[in-house]
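Trainee:
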Amino acid sequence: MYPEDLLYTKSHEWVKVEDDRAIVGVTSYAQDQLVEVVFVELPEEGKEVKAGDAVATLESVKAVADVYAPVSGKIIEVNKQLENQPELVNQDPYGEGWIFVIEIAGEEELHTLMKVSDYQSLIENELKP
Amino acid sequence: MEELRKTPLNHIHKKLGAKMIPFAGWEMPLLYETISSEHQKVRTQAGIFDLTHMGELKIYGKGCELELAKLTTNDPTKLSPGKIQYSLLCLPSGGIIDDILVYRLEDGFLLVVNAANTAKDYEWIKSHLREPVKVENLTDSLALIAIQGPDSEKIMVNIEPAVSELKYYNFLETKIQNFRAILSRTGYTGEDGFEIYIPWDEAPKTWELLGEAAKIAGLSLAPVGLGARDTLRLEMKYPLYGNDIDETTTPLEANLEWVVKFNHSFIGRDALFEQKASGVKKRLVGFVALDRGIPRQGYPIFYQEKKVGVVTSGTLSPSLKKNIGMGYVPPALEKPGTVIELLIREKKVRAEITAGPFVPPRIKK
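These protein sequence lines are chains A and B, in that order. As numbered in my numbering, the first sequence has no gaps in its residue numbers, which increase by one up to the final residue, 136. As numbered in my numbering, the second sequence has no gaps in its residue numbers, which increase by one up to the final residue, 437.
1. If we count Cβ pairs, one from each stretch, closer than 8 Å, do we get three or more for the region 138-150 of chain B versus the region 275-294 of chain B?
2. In the region 105-134 of chain B, which residues sit with their C-beta less than 9 Å from some C-beta in chain A, listed in chain order?
3. Where B/E237 and B/G262 are concerned, what is the direct C-alpha to C-alpha distance, given to the nearest angstrom?
4. Whose Cβ in chain B lies nearer than 9 Å to the Cβ of A/E43?
5. Would you identify the three-state DSSP class for A/I106, choosing helix, strand or coil?
6. Closer than 9 Å by beta-carbon distance: list the chain A residues that pair up with B/I317, in chain order.
7. State the Cα-Cα distance for the pair B/L151 and B/W279, rounded to the nearest angstrom.
8. Could you please give me the residues that DSSP links to B/Y269 through a beta bridge?
9. Can you pull out the residues from the region 48-78 of chain A whose beta carbon lies closer than 8 Å to at least one beta carbon of chain B?
10. Less than 9 Å between CB atoms is the rule here; does A/F107 satisfy it with respect to chain B?
11. Pick helix, strand or coil for B/Y175, following the three-state DSSP scheme.
12. Where do the ends of the alpha helix (DSSP H) carrying B/K436 lie?
13. Between the C-alpha atoms of B/I317 and B/E346, what's the straight-line distance to the nearest angstrom?
14. Given this structure, state the Cα-to-Cα distance separating B/G397 from A/W21, to the nearest angstrom.
15. Under the rule that 16 or more other beta-carbon atoms within 10 Å means buried, what is B/E284, buried or exposed?
16. Rounded to whole angstroms, what is the Cα-Cα separation between A/V74 and A/I30?
17. If the cut is a Cβ gap below 8 Å, which residues of chain A does B/R305 touch?
18. Whole angstroms is fine: what's the gap from A/A72's alpha carbon to B/L216's?
19. For B/A118, which of B/K226, B/V332, B/T303 and B/K379 has the nearest alpha-carbon?
20. Find the nearest neighbour of A/E133 within the set A/H19, A/L14, A/L13 and A/E11, judged by alpha-carbon distance.
21. Could you compute how far the alpha carbon of A/P50 sits from the alpha carbon of A/A63?
22. Using the beta-carbon count (16 or more within 10 Å), is A/L89 buried or exposed?
23. Taking Cβ-Cβ distances shorter than 9 Å, what residues in chain A pair up with B/T387?
24. By Cβ distance, which residues of its chain are closer than 8 Å to B/G89, with the 5 residues on each side in sequence left out?
25. Taking C-beta pairs closer than 9 Å, name the residues in chain A that B/R422 reaches, listed in chain order.
26. Anyone know if the C-beta pair for B/L344 and B/F334 falls short of 9 Å?
27. Please report how far the alpha carbon of A/L95 lies from the alpha carbon of B/A300, in whole angstroms.
28. Whole-angstrom Cβ separation of B/I156 and B/N242, contact assumed at under 8 Å?
29. As an exercise, report each continuous beta strand (DSSP E) stretch of at least 3 residues that is fully enclosed by the region 73-135 of chain A, in chain order.
30. In the DSSP assignment, what are the bridge partners of B/P390?
31. With C-beta atoms as the reference, is B/W196 less than 9 Å away from B/I172?
32. If you measure from the beta carbon of B/R77 to each beta carbon in chain A, is any gap under 9 Å?
33. Is B/D193 near B/L161, with beta carbons less than 9 Å apart?
34. What are the complete alpha helix (DSSP H) segments, minimum 4 residues, inside the region 107-166 of chain B?
35. Go to B/F345, then tell me how far its alpha helix (DSSP H) extends in each direction, as first and last residue.
36. Strictly below 9 Å CB to CB, what residues from chain A border B/K91?
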């Protein structure tokens, strides 16, 4: 459920680092909690963001959730396919359901992100009754 | 936290892979596949719902007609056995305690009430009934299964052929195999369909029989969760208790005057009569969003930079692929075509007030 080659945030984003680019989406846990995503509001390309900024919005049948920038940098690409197919966030959260790409401003922020084992224990704690 | 109650169909939902959620103290299926696919199933074929969480209260005893009439805005003395009425329980202030269905039995009435209100309604009714009229809470002994959608009749005739003669808001008492059942032509989706009341323990058997009845008819019957139940009712602009109506709203404000019969005496009548004369200050309307964004309960409504009301329900309509909602606005703004603004997370989204249901109902009259 949680690929090993990704980094994770407490707010349930995943990050795939490719050189100086960070591809960002939400985890399978997040999409499952949201139930059915019906609308995705994407950021503008070129926008400078800081780690922790609310950058995109996922509207589901049940709730609204913000997607936060895991690292600071410039939004260089957004997944326009989600405008017509928001359900990709549910169907393929780590693949076609990616949301945006950030050009990473500084590598040091990557150390604040979680490895898969830490993220898994976070989820286990959230799922405890 | 109190433990969630389980319906007799709980294990079936889990076996079907339903996503379960707490709802009014019960563990209920939110969805089995997706809300939109289940919604479409009901609009085009047929769906089956577990509604066992709904409350059932029986009122009986000599003089029960007049005793019940004191409590409901609609007039139950007009009902003959086999007929059903949509009705309301109101406070002396005119605020709505609950919206209910009233079934006229041979020996009394069966009231079907909202799950979240069952205990409250029971206490309210009990405290107002005079001997020898009694109220009994049957919620723990009755299960309720609904089948909704254009194929419902073709499926149901394989259970009880007489349903083909059954009219909207009518019911019949029958036997399914060896147990008693009430079948009514009612629902909360705007489609043709039936609601089936059976003894608690017979619910799994009934669920299975309905599946077989669909197979015999060569039709598909999909399980539908509470998620699609909400989008289906919202497309019809049917109010939901706790969202669109509650003790702070009156039937006149909620466009439910059609179930208020002023020519009989009931709790709340005087306040409502006065409100009818002086006019309401807010009115429940439906609207379609013109910009992107889904309206949700609690979002403020603006008109010319002034906050004028609040959203009570909203969703992406699976049939229309548009964002729809309901909310209260001053009566001066209730005219269809009026453009209001919804504040959706700091962004103003324009919405146009519309008349009537968002999607035309196809109930069988």
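C-beta atoms are modelled at their ideal positions from N, C-alpha and C, and glycine is treated no differently. Remember, it's a predicted structure, so these values are computed and weren't measured experimentally.
Mentor: Taking the coordinates as given:
1. Not touching, per the Cβ criterion.
2. Here the close residues are T106, I107 and S108.
3. As a working note, residue 237 of chain B is residue 165 in the second sequence. As a working note, residue 262 of chain B is residue 190 in the second sequence. Cα-Cα distance, rounded: 19 Å.
4. If you number the first sequence from 1, residue 43 of chain A lands on position 36. Contact annotation for A/E43 against chain B: L103, T106, I107, S108 and G299 [CB-CB distance below 9 Å, chain order].
5. One-based indexing of the first sequence puts residue 106 of chain A at position 99. The three-state secondary structure of A/I106, taken from DSSP, is coil.
6. Position 245 of the second sequence holds residue 317 of chain B. By Cβ distance, chain A contributes nothing, its closest Cβ being about 22 Å from B/I317, past 9 Å.
7. Locating residue 151 of chain B in the second sequence gives position 79, where the first residue counts as 1. Locating residue 279 of chain B in the second sequence gives position 207, where the first residue counts as 1. B/L151 and B/W279: Cα-Cα distance of roughly 30 Å.
8. Here residue 269 of chain B refers to the residue found at position 197 of the second sequence. According to DSSP, residue pairing for B/Y269 in a beta bridge involves B/L216 and B/I254.
9. The residues in question are E48, T64, E66, V68, K69 and V71.
10. Residue numbering aside, residue 107 of chain A sits at position 100 when the first sequence is read from its first letter. No, A/F107 lies away from the interface with chain B (no Cβ there is under 9 Å from its Cβ).
11. Position 103 of the second sequence holds residue 175 of chain B. Three-state DSSP puts B/Y175 in a strand.
12. The residue given as residue 436 of chain B occupies position 364 in the second sequence. No alpha helix (DSSP H) holds B/K436; DSSP gives it neither H nor E.
13. As a working note, residue 317 of chain B is residue 245 in the second sequence. As a working note, residue 346 of chain B is residue 274 in the second sequence. Roughly 20 Å between the two C-alpha positions.
14. Mapped onto the second sequence, residue 397 of chain B falls at position 325. Mapped onto the first sequence, residue 21 of chain A falls at position 14. Near 33 Å, if we compare the C-alpha coordinates of A/W21 and B/G397.
15. Your numbering for residue 284 of chain B matches position 212 in the second sequence. Counting Cβ neighbours within 10 Å, B/E284 comes out exposed, since fewer than 16 surround it.
16. Taking the first sequence and counting its residues from 1, one reaches residue 74 of chain A at position 67. Taking the first sequence and counting its residues from 1, one reaches residue 30 of chain A at position 23. Spanning the two alpha carbons is a distance of roughly 13 Å.
17. In the second sequence, counting from the first residue as 1, residue 305 of chain B sits at position 233. Result: empty, since nearest Cβ-Cβ is about 14 Å, beyond 8 Å.
18. Locating residue 72 of chain A in the first sequence gives position 65, where the first residue counts as 1. Locating residue 216 of chain B in the second sequence gives position 144, where the first residue counts as 1. Near 35 Å, if we compare the C-alpha coordinates of B/L216 and A/A72.
19. Position 46 of the second sequence, counted from the start, is the residue given in the question as residue 118 of chain B. Of the listed residues, the one whose Cα sits closest to B/A118 is B/K226.
20. On the first sequence, position 126 is the one that residue 133 of chain A refers to. Of the candidates A/H19, A/L14, A/L13 and A/E11, the one whose C-alpha sits nearest the C-alpha of A/E133 is A/H19.
21. Position 43 of the first sequence, counting from 1, holds the residue named residue 50 of chain A. Position 56 of the first sequence, counting from 1, holds the residue named residue 63 of chain A. Take the alpha-carbon of A/P50 and the one of A/A63: they are about 6 Å apart.
22. Against the first sequence, residue 89 of chain A aligns to sequence position 82. Per the 10 Å Cβ criterion, buried.
23. Against the second sequence, residue 387 of chain B aligns to sequence position 315. The answer, in chain order, is V45 and V68.
24. Here residue 89 of chain B is taken as the residue at index 17 of the second sequence, counted from 1. So the list reads Y104, once near-sequence residues are dropped.
25. What you label residue 422 of chain B is simply residue 350 of the second sequence in a count that begins at 1. Neighbours of B/R422 on chain A: none; closest Cβ ~16 Å, over 9 Å.
26. If you number the second sequence from 1, residue 344 of chain B lands on position 272. If you number the second sequence from 1, residue 334 of chain B lands on position 262. With contacts defined by Cβ atoms closer than 9 Å, B/L344 and B/F334 form a contacting pair.
27. Locating residue 95 of chain A in the first sequence gives position 88, where the first residue counts as 1. Locating residue 300 of chain B in the second sequence gives position 228, where the first residue counts as 1. The C-alpha of A/L95 lies about 20 Å from the C-alpha of B/A300.
28. Position 84 of the second sequence holds residue 156 of chain B. Position 170 of the second sequence holds residue 242 of chain B. Right, the Cβ-Cβ distance comes to about 7 Å (below 8 Å), so this counts as a contact.
29. List check, beta strand (DSSP E) in window: 80-85 and 107-111.
30. The sequence position of residue 390 of chain B within the second sequence is 318, counting from 1. For B/P390, which the question treats as bridged, DSSP gives no partner whatsoever.
31. Working through the second sequence from its first residue, we reach residue 196 of chain B at position 124. Working through the second sequence from its first residue, we reach residue 172 of chain B at position 100. Using a Cβ distance threshold of 9 Å, B/W196 and B/I172 do not count as a contacting pair.
32. Here residue 77 of chain B refers to the residue found at position 5 of the second sequence. No, B/R77 lies away from the interface with chain A (no Cβ there is under 9 Å from its Cβ).
33. Working through the second sequence from its first residue, we reach residue 193 of chain B at position 121. Working through the second sequence from its first residue, we reach residue 161 of chain B at position 89. Cβ atoms of B/D193 and B/L161: closer than 9 Å.
34. Runs of the alpha helix (DSSP H) spanning 4 or more residues and lying entirely within the region 107-166 of chain B occur at 107-116 and 136-141, in chain order.
35. Stepping through the second sequence from its first residue, residue 345 of chain B is reached at position 273. Where B/F345 is concerned, the enclosing alpha helix (DSSP H) stretches over R341 to S350.
36. Working through the second sequence from its first residue, we reach residue 91 of chain B at position 19. Those are D39 and V42, listed as they occur along chain A.
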